[in-house]
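Heads up, the thing below is written out as structure tokens.
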Amino acid sequence: MKSRSSFLTGCEDFAELITSGAFYVDKTAYLKTLFMSDSEAMNLWFMRPRRFGKTLNLSMIKEFCRLNYLNPGDKSYQEKLFVDNGRNLEVAGDEYRELREKVMGAYPVISVSFKTVEGVTFADALAHLLYKVGMLYDEFKFLIKSPKQNEFDIKNFNDRFEFSLTMTDKLDEERNLKRAIAIIKTTIPRIGEMLYKEYGRPVLVMIDEYDVPLQKAVTAKEPYYDEMLDVIRVISGNTFKKDNLPWLYKGIVSGCLRIAHQSVFTDANNFTTYGVNRKPYTGFFGFTEKETLKLLSDTGLSDKEEKVRKWYDGYRFGDKQVYCPWSLVSYCAKARYDPNAEPEAYWVNTSGNDPITLFTKNSMEAHNAGNIDRLQQLMDGGSVDFSLREFTTYPDVRNDMDFDVFMTMMLHTGYVTYADKSPLPNDIIRVRIPNREVKECFAAKQKYLYGTGNSKWFRHALELVDFLLENRAEEAQSLISSMLKQFLSVRNSGSELYYHGFMTGLLGMGASSQGVDFLEEHESGDGYSDIILDDYRKKTVCILELKRAARGDDSLKAAEDAALQIKRKAYADPYLKKRYRRVYAMGLGFARKSCEIVSLGDLATGEA
Numbered sequence: 002m003k004s005r006s007s008f009l010t011g012c013e014d015f016a017e018l019i020t021s022g023a024f025y026v027d028k029t030a031y032l033k034t035l036f037m038s039d040s041e042a043m044n045l046w047f048m049r050p051r052r053f054g055k056t057l058n059l060s061m062i063k064e065f066c067r068l069n070y071l072n073p074g075d076k077s078y079q080e081k082l083f084v085d086n087g088r089n090l091e092v093a094g095d096e097y098r099e100l101r102e103k104v105m106g107a108y109p110v111i112s113v114s115f116k117t118v119e120g121v122t123f124a125d126a127l128a129h130l131l132y133k134v135g136m137l138y139d140e141f142k143f144l145i146k147s148p149k150q151n152e153f154d155i156k157n158f159n160d161r162f163e164f165s166l167t168m169t170d171k172l173d174e175e176r177n178l179k180r181a182i183a184i185i186k187t188t189i190p191r192i193g194e195m196l197y198k199e200y201g202r203p204v205l206v207m208i209d210e211y212d213v214p215l216q217k218a219v220t221a222k223e224p225y226y227d228e229m230l231d232v233i234r235v236i237s238g239n240t241f242k243k244d245n246l247p248w249l250y251k252g253i254v255s256g257c258l259r260i261a262h263q264s265v266f267t268d269a270n271n272f273t274t275y276g277v278n279r280k281p282y283t284g285f286f287g288f289t290e291k292e293t294l295k296l297l298s299d300t301g302l303s304d305k306e307e308k309v310r311k312w313y314d315g316y317r318f319g320d321k322q323v324y325c326p327w328s329l330v331s332y333c334a335k336a337r338y339d340p341n342a343e344p345e346a347y348w349v350n351t352s353g354n355d356p357i358t359l360f361t362k363n364s365m366e367a368h369n370a371g372n373i374d375r376l377q378q379l380m381d382g383g384s385v386d387f388s389l390r391e392f393t394t395y396p397d398v399r400n401d402m403d404f405d406v407f408m409t410m411m412l413h414t415g416y417v418t419y420a421d422k423s424p425l426p427n428d429i430i431r432v433r434i435p436n437r438e439v440k441e442c443f444a445a446k447q448k449y450l451y452g453t454g455n456s457k458w459f460r461h462a463l464e465l466v467d468f469l470l471e472n473r474a475e476e477a478q479s480l481i482s483s484m485l486k487q488f489l490s491v492r493n494s495g496s497e498l499y500y501h502g503f504m505t506g507l508l509g510m511g512a513s514s515q516g517v518d519f520l521e522e523h524e525s526g527d528g529y530s531d532i533i534l535d536d537y538r539k540k541t542v543c544i545l546e547l548k549r550a551a552r553g554d555d556s557l558k559a560a561e562d563a564a565l566q567i568k569r570k571a572y573a574d575p576y577l578k579k580r581y582r583r584v585y586a587m588g589l590g591f592a593r594k595s596c597e598i599v600s601l602g603d604l605a606t607g608e609a
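Just so we're on the same page, my numbering is the position in the sequence shown counted from 1, plus 1.
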């Protein structure tokens, strides 16, 4: 076997990782916990953020348990993957011998992932589900040749298989849509019953990323959440139902967000839910400190330890510090061949349609400065407290959302983590941003929200330029104050530089879009004015001087002082000498989240 010298970044197939000789962080010790320990549960529900190894771990479980359908009793496939591979995996040890004898290669396995189930419409999403159903029928098509199966089951199998192969693009017809729903809802139990009849052994069923179809359904342009919830609920009820036939051995479901049991698993046996703090699986997903240090050592990257810790550590799952595996592997794969490679954000979603962006945008539009202040607390390296919520439906982040609901979703999805172990009163929990990677994500949202990507914010920037170049001081003052209340970095308002940066970013964006020259710290008269908006085509200019209130909330005094400085240092003289038709000058005073403007009027004509 070739030496383990490569990363298969993004690979979620256990067998491929092992047989290719790629690096693998050993999680096989948890197989004994799953199948032969005091902690064993009938149905397990794992909740972890995206990209924390759920799919790979379920693949590992599948390969360990899966029966050789052509030669039951033959475990040579598992021997090569788990024992005789030169890796010294935990499960190859003597203390796991009984587990290997009783569980390894002993059960039929039905495994399906809902990760890619999405669509603009319900029919589109259902087509993805139907395709996955077709893959299951294709995997187990050997059953139709067995004399143990009755004629009805074989005919039913063939009919469903053919439908799933030929009708995925014809679900816009109502009749086909109803037929597809009926097939999807009952495929797993029907195949499960046939496997049990064939081998006399109960079936392990695994559903990965069960909640993705629900998430996509609620964020679609025309949501279809209720329709998709009904499908997922019936799948779970038919598969894990309380009065099930003995064909089911165990169910394992993974997801990112916990939807209330009564919403999704109404008719199912009770699931044991394992969130990030629930033992004994706190280290099953993600890389622990010990695993990370070993990985860095094995790959010759121990000198990157401090950078890796700063960027990708910080998650607290129970009593363990956990690193994001996707990001860590992505960085290591790059750093092995480029010693100067710097860490970067691999995990986070930087689109304008992610939860942080949508929630903050909604808070801005609702003028909810309290929500924005608490997000800024996180950005500043602090923590926030909130009440953990259980969801009866998947939260709709497009609409105004309760802060506790939003933060619960952020915790489940990995944007924040538990801040400490200390219990707080009344079921309150405390969270923080885990690491630099996620902080960079929040910063990316800030750039999006306060740039051209946010149409409302961009429109405000254009309006402000117009107000200033038309000497509409009261309207400009009101707009600036409103935007200050919405701006994510308002907590940095202890410095005049903060306000200068705020106005520079805002007016620079608005001016360039209107063909107006934007000058910052520009030499003018007897000094350097803070900001000048020069519409040279119309021979109109607006000179701005900015000051922060020296005491409390006295922004008016600061504005008056700024206006006086414009006159004293003759900032307007160059434009008066050029015979500009309009020469406006304004002093802007800032205090906390408010702005006052004192206008000197039009210095070219003497008009107020």
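Each residue gets a CB set at the ideal place from its N, CA and C atoms; glycine is no exception.
May I ask you to list the residues that DSSP assigns as paired with residue i?
i, result
"Asp209", "Ser114"
"Ala346", "Looking at the DSSP assignment, Ala346 forms no beta bridge with any residue, so it has no partner."
"Arg549", "Phe591"
"Cys66", "In DSSP, Cys66 forms no bridge with anything."
"Asn317", "Note on residue identity: the sequence assigns Arg, not Asn, to residue 317. Answer is Gln322, bridged to Arg317."
"Ser388", "Ile429"
"Ala586", "Ile544"
"Phe1", "Residue 1 is absent from the structure shown; the chain starts at 2 and stops at 609."
"Glu521", "Ile532"
"Cys596", "Phe591"
What residues in its chain sit with their C-beta under 7 Å from that of residue i, if we drop five residues either side in the sequence?
i, result
"Ser60", "Glu13, Asp14 and Phe15"
"Leu329", "Phe288, Thr293, Val309 and Tyr313"
"Val466", "Leu508, Gly511, Ala512, Gln515, Val517 and Leu534"
"Pro73", "Tyr200"
"Lys76", "Met105 and Gly106"
"Lys618", "An answer regarding residue 618 cannot be provided, because it is not within the stretch 2 to 609 covered by the chain."
"Pro224", "Ala218"
Straight-line CA distance for residue i to residue j?
i, j, result
"Thr661", "Arg583", "With the chain represented from 2 up to 609, any question about residue 661 goes unanswered, as that position is not in the structure."
"His501", "Leu577", "25 Å"
"Tyr581", "Cys543", "11 Å"
"Leu359", "Phe115", "24 Å"
"Ser255", "Asp421", "26 Å"
"Asp320", "Thr418", "13 Å"
"Ala30", "Ile481", "58 Å"
"Tyr70", "Leu412", "41 Å"
"Tyr585", "Ser483", "23 Å"
"Leu389", "Arg234", "24 Å"
"His461", "Cys325", "38 Å"
"Lys55", "Trp458", "38 Å"
"Gly284", "Leu32", "13 Å"
"Val84", "Leu90", "7 Å"
"Met48", "Phe36", "19 Å"
"Gln377", "Tyr416", "14 Å"
"Val219", "Glu119", "10 Å"
Going along the chain, which residues of its own chain have a beta-carbon closer than 6 Å to the beta-carbon of residue i, five neighbours each way excluded?
i, result
"Thr351", "Residue confidence is low: Thr351 scores 47 on pLDDT, short of 50, so the model does not pin down where it sits. Its coordinate-derived value is still stated next. So the qualifying residues of the chain are Ala445."
"Ala128", "Thr169 and Leu172"
"Ala42", "Thr273"
"Leu258", "Asp212 and His413"
"Ser7", "Ala23"
"Leu520", "Ile533"
Which word fits residue i, buried or exposed, when buried means at least 16 other C-beta atoms lie within 10 angstroms of its C-beta?
i, result
"Arg176", "exposed"
"Val439", "buried"
"Gly382", "exposed"
"Ile598", "buried"
"Asp531", "buried"
"Ser153", "This sequence places Phe at residue 153; Ser is not what is there. It counts as exposed."
"Asn58", "buried"
"Val121", "exposed"
"Met504", "buried"
"Lys305", "buried"
"Met136", "exposed"
"Phe143", "exposed"
"Ser331", "buried"
"Ser165", "buried"
"Gly193", "buried"
"Ala571", "exposed"
Please list, in chain order, all residues of the same chain as residue i whose beta carbon is under 8 Å from its beta carbon, the five residues on each side excluded.
i, result
"Tyr631", "For the chain, the structure presents residues 2 to 609; residue 631 sits outside this window and is missing."
"Leu565", "Gly588"
"Tyr197", "Pro109, Pro203, Val204, Leu246, Pro247 and Trp248"
**Item:** Secondary structure, alpha helix (DSSP H): runs of 4+ residues fully inside the stretch 68-115
**Value:** 98-103
**Request:** Entirely within the stretch 12-41 and at least 4 residues each: give me those alpha helix (DSSP H) ranges in chain order.
**Result:** Along the length of the stretch 12-41, whole alpha helix (DSSP H) runs at least 4 residues long occupy 15-21 and 31-36, reported in chain order.
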